[in-house]
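Worksheet: the structure to be examined is printed underneath.
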Amino acid sequence: MSSRNKAKGTRFETDVVNFINENKPYNVERRALSGANDKGDIIGVPDFALECKNVKDWSKQLGAFVQEAEIEAGNAGVPFGAVVIKKRNSNTSRSYVVMSLEKFVELMP
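First residue of the sequence shown: 55, per the working numbering; consecutive thereafter.
In structure tokens:
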């Protein structure tokens, strides 16, 4: 990954953390890299591992991104993994949050 792409990803992760912290009473922060047993990009959202993606064309990678988030949720010991995907030419609040239907149904009351 180029340093430019890494910086773009880091900036998006920071923007997501700031948005959540400004709108919810959590202490959300970026997680340090964990290597092979990655636990997601963001820590502090109860029961969730969040993986952030700021890529130009995510449509062909969506399944892999969701699978990555679910694996990272297992590594983090939380029940849910979700991917936060940057919507092109929009502010962070308009990003997409994606998870499997199976996990979404588990959230339903």
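We put the CB at the ideal spot given by N, CA and C, even for glycine.
Neighbour-count burial assignment, residue i, 16 or more Cβ in a 10 Å radius
{"i": "Lys-27", "result": "This structure gives no information on residue 27, because the portion of the chain shown stretches from 55 to 163."}
{"i": "Arg-85", "result": "buried"}
{"i": "Phe-158", "result": "exposed"}
{"i": "Glu-76", "result": "exposed"}
Bounding residues of the beta strand (DSSP E) (the contiguous stretch that carries residue i)
{"i": "Leu-161", "result": "Here Leu-161 belongs to no beta strand (DSSP E); instead the alpha helix (DSSP H) covers 155-161."}
{"i": "Gly-135", "result": "134-139"}
{"i": "Lys-78", "result": "Neither: Lys-78 is in no beta strand (DSSP E) and is coded neither H nor E."}
{"i": "Lys-107", "result": "102-107"}
{"i": "Val-99", "result": "Per DSSP, Val-99 belongs to no beta strand (DSSP E) and is neither H nor E."}
Residue i in three-state terms, based on DSSP
{"i": "Val-70", "result": "helix"}
{"i": "Leu-87", "result": "coil"}
{"i": "Val-120", "result": "helix"}
*Give a yes or no on contact between the stretch 98-105 and the stretch 119-134, applying the rule of three or more CB pairs nearer than 8 angstroms.*
A contact exists between the stretch 98-105 and the stretch 119-134.
*Taking one C-beta from the stretch 141-150 and one from the stretch 116-125 each time, how about it: are there three or more such pairs within less than 8 angstroms?*
Segment contact: the stretch 141-150 against the stretch 116-125, fewer than three CB-CB distances shorter than 8 angstroms; contact not assigned.
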